[in-house]
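Following this note's numbering, the numbering of the sequence shown begins with 7 at its first residue and continues without gaps.
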Amino acid sequence: MVKLSIFAVVSAALIYISRASLRAPRSHGFYRFFAWECILALALLNAQDWFRDPFSVRQLISWLLLISSVFLVVEGAYRLRRSGKPGSRKADNAPELDFEKTTVLVTGGIFKYIRHPLYSSLLFLAWGTFLKAPSPVGGLLAGGATLFLLAAAKIEERENIRYFGAAYQRYMKRTRLFIPFLF
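Written as structure tokens, this is what we have:
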């Protein structure tokens, strides 16, 4: 009952934050919302196992992914705020959160290697959380989060091409989507 209550309260907050995106199913934020919901359900599903068998290989890999997730979100958000020059993106009508409204293409720091460090962070968070207590339901939730993040990234790339044009297309050719040097 407690987990269900937590899910309901956090989901309500996510719905509020994502309200504009949820009214625009062709926007990246629409799919990001569902990735968050999968990750939230996964975290609640595995909450009791976060510190069980702390030195097993599975737990160590899980913690590595979770720590990497924190690094990616901190570095990505820092670079967006520092270099992105948030402002109005009138040429692009996609609903965005304030930190996403960059008017300058950010290509430094972690963005030199991957185009979507904040989505990478969520991807690592999902799989790190899954590894706390792997299960079929957890696998479906982590897989769902992955698919929603891929959809969000692909849609955001189209939005960025519309806004930044050829500069973003060139940027796509020299960087990876989520994982440096791999994917």
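Quick reminder that beta carbons are idealized off the backbone N, C-alpha and C, glycines included.
- Residue 183 and residue 122 do touch by the CB rule: their CB atoms are close to 6 Å apart, below 8 Å.
- Taking a C-beta distance under 8 Å as the contact criterion, residue 138 and residue 74 do not qualify as a contact pair.
- Just measuring C-alpha positions, the residue of 57, 149 and 111 sitting nearest residue 128 is 149.
- Two segments are said to touch when three or more pairs of C-beta atoms, one from each, lie closer than 8 Å; by this definition the stretch 54-68 does not touch the stretch 156-167.
- If you draw a straight line from the Cα of residue 110 to the Cα of residue 142, it is about 42 Å long.
- Taking one beta carbon from each stretch, the stretch 167-185 and the stretch 48-59 have fewer than 3 pairs nearer than 8 Å; the two do not touch.
- Across the structure, residue 180 and residue 54 are spaced so that their CA atoms are roughly 42 Å apart.
- In the structure shown, residue 168 adopts helical secondary structure according to DSSP, grouped into three states.
- One alpha carbon belongs to residue 86, the other to residue 62, and they sit about 36 Å apart.
- In the DSSP assignment, residue 126 falls within the alpha helix (DSSP H) that extends over 123-136.
- In this structure residue 35 does not touch residue 17 by the C-beta definition: roughly 15 Å separates them, more than the 8 Å allowed.
- If you check the CB distance, residue 40 and residue 27 do not come in under 8 Å.
- With a contact defined as Cβ atoms closer than 8 Å, residue 90 and residue 108 qualify at about 3 Å.
- Comparing alpha-carbon positions, the option among 14, 144, 78 and 88 lying closest to residue 119 turns out to be 78.
- Shown here for residue 147: same chain residues with a beta carbon closer than 8 Å to its own, the five before and five after excluded, namely 44, 45, 47, 48, 51, 132 and 136 in chain order.
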